[in-house]
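Worksheet for the structure shown next.
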Amino acid sequence: MLSWSAATTHRDIDVKGVADPGVDPGPPGGMALTALGRAAIGVDVDASFTLALVDALGAEAAVDAAAVAGAFELYNRVVDAGGLPVGRVTRQTMADVIDALGMAAFPHADW
Amino acid sequence: MFVLSNGPGPVRADILSALRATWTHLAGPGTWWTAVERRQIAEAARAARLGKDLPDSSLPPAALDVAHTIAARPAHTTERWVAGVVEGLGSEEEYVEAVGIVVRVVAADTFLRLLGHEPESFLDPQPGQPGRVEVAEPRRGKTWITMGPAPVPPYVLSLVPSEMEATNRLEHALYMTGQDMEDPDFRRGALHRTQIELVASAVSWANECFY
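Protein chains in written order, with my numbering: chain A, 1 to 111; chain B, 112 to 322.
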């Protein structure tokens, strides 16, 4: 979805920024957005990452970004609970992203 | 319930409404679990997600396994594990309902913690018996559980329609609707779709979610 949205709307994205806190993914507030996303899964996460987003993008965007993080805590678990397959074509078209983010090492990568 | 006025910023009314509906739905009897059992699944999921010991409960071991694994180690599910807990629970439907409870609690708790709030207290379980309504002609595709009409995220919990609807309602408020997802230029207030997907991708990467 990230690559599709960026390509379709002619926005430059460095997908490595999704995983690497030292890489700016490109869009405004990108490093703060990805930092919040990575931090959201922690057992001790607090409001500090959201407050950093307030400084970068404003309070409304910060709260909406926190909501998206909550949504993907849900979404990830739903697909992992149901065993949704990732098709061969998707794997081929997303090969660069899979490689850039080290996703071949994920537990479900071979399924 | 869900008074979130003291946070980094205002929370949209549709999100508050969805969170409150989620909690009300959770407190009622489900399709396969009683309200007391649903509350125990929710409490176990919350504890597991926070890395705490699971609270005492009357749930069968397989239900506690579902709550713990889906809440704390979702990327480590396997087809064999799913088959084992389904056997332990007695039906796919009980597994699906438990998963629905777990994922909504984790989503709500994560959102509140990112806003600096403590997790919301659960409502008292309501009386009543599970409806035990089976879906007509369920189909099994290349997935670990039965779902229809297609093997895509909105239908993973379709074996228990009430859970599917409650889960999709919360996800639509926190993320976007299916119709919005078709728009690569979608904007949520000040956030462009690409910025929204940066958050989504980072969460998914951190959760080691390959899908």
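Think of the CB as a built atom: it goes at the ideal place given N, C-alpha and C, for glycine as much as any other residue.
Being a predicted model, the structure only gives us computed values, none of them experimental.
Buried/exposed call for residue i, threshold 16 Cβ in 10 Å
i	result
Gly187/B	Checking the displayed sequence, the identity of residue 187/B turns out to be His instead of Gly. Exposed is the call here.
Gln151/B	buried
Arg243/B	exposed
Thr254/B	buried
Pro25/A	buried
Arg298/B	exposed
Arg88/A	exposed
DSSP-derived helix/strand/coil call for residue i
i	result
Arg251/B	coil
Arg299/B	strand
Leu285/B	helix
Ala178/B	helix
Gln237/B	coil
Arg38/A	helix
Tyr322/B	coil
Ser232/B	coil
Gly82/A	helix
Arg11/A	coil
Proximity winner among the options, relative to residue i (alpha-carbon distances)
i	options	result
Leu53/A	Arg77/A, Ala69/A, Ala62/A	Ala62/A
Leu234/B	Leu137/B, Ser116/B, Gly300/B, Val122/B	Leu137/B
Pro27/A	Asn279/B, Ala301/B, Gln306/B	Gln306/B
His108/A	Ala173/B, Glu190/B, Phe222/B	Glu190/B
Ser269/B	Gly252/B, Ala284/B, Leu285/B	Gly252/B
Ser315/B	Arg91/A, Val68/A, Asp55/A, Arg11/A	Val68/A
Asp125/B	Ala153/B, Gly227/B, Thr288/B	Thr288/B
Ala54/B	Gly118/B, Thr221/B, Gly199/B	No information on residue 54/B is available, as it lies outside the stretch 112 to 322 that chain B covers here.
Ile41/A	Val147/B, Glu308/B, Arg160/B	Arg160/B
Ala129/B	Pro121/B, Leu285/B, Trp143/B, Ala317/B	Leu285/B
Val271/B	Gly141/B, Val122/B, Leu115/B	Gly141/B
Met103/A	Arg11/A, Lys16/A, Val23/A	Lys16/A
Ala81/A	Pro166/B, Pro185/B, Ala313/B	Pro185/B
Between the CA atoms of residue j and residue i - distance to the nearest angstrom
i	j	result
Ala94/A	Asp296/B	A small fix is needed here, since residue 94/A is Met in this sequence, not Ala. Computed Cα separation, rounded: 21 Å.
Glu203/B	Gly211/B	12 Å
Tyr266/B	Pro260/B	7 Å
His311/B	Leu36/A	Checking the sequence shown, residue 311/B turns out to be Ala, not His. Rounded to the nearest angstrom, the two C-alpha atoms are 10 Å apart.
Leu57/A	Ser48/A	14 Å
Phe113/B	Arg131/B	7 Å
Val78/A	Val214/B	7 Å
Ala218/B	Glu73/A	5 Å
Asn279/B	Ser116/B	25 Å
Asp44/A	Ala156/B	16 Å
Gly201/B	Ser273/B	19 Å
Thr90/A	Gly22/A	28 Å
Endpoints, the alpha helix (DSSP H) within which residue i is located
i	result
Glu308/B	304 to 317
Glu245/B	Note, Glu245/B: premise wrong, no alpha helix (DSSP H); not H, not E.
Leu270/B	Where Leu270/B is concerned, there is no enclosing alpha helix (DSSP H), given that its DSSP letter is neither H nor E.
Thr221/B	203 to 225
Glu148/B	146 to 160
| query | According to a CB-to-CB cut-off of less than 8 Å, which residues of the region 84 to 98 of chain A neighbour chain C? | reply | Given the protein chain composition of this structure (A and B), no chain C is represented.
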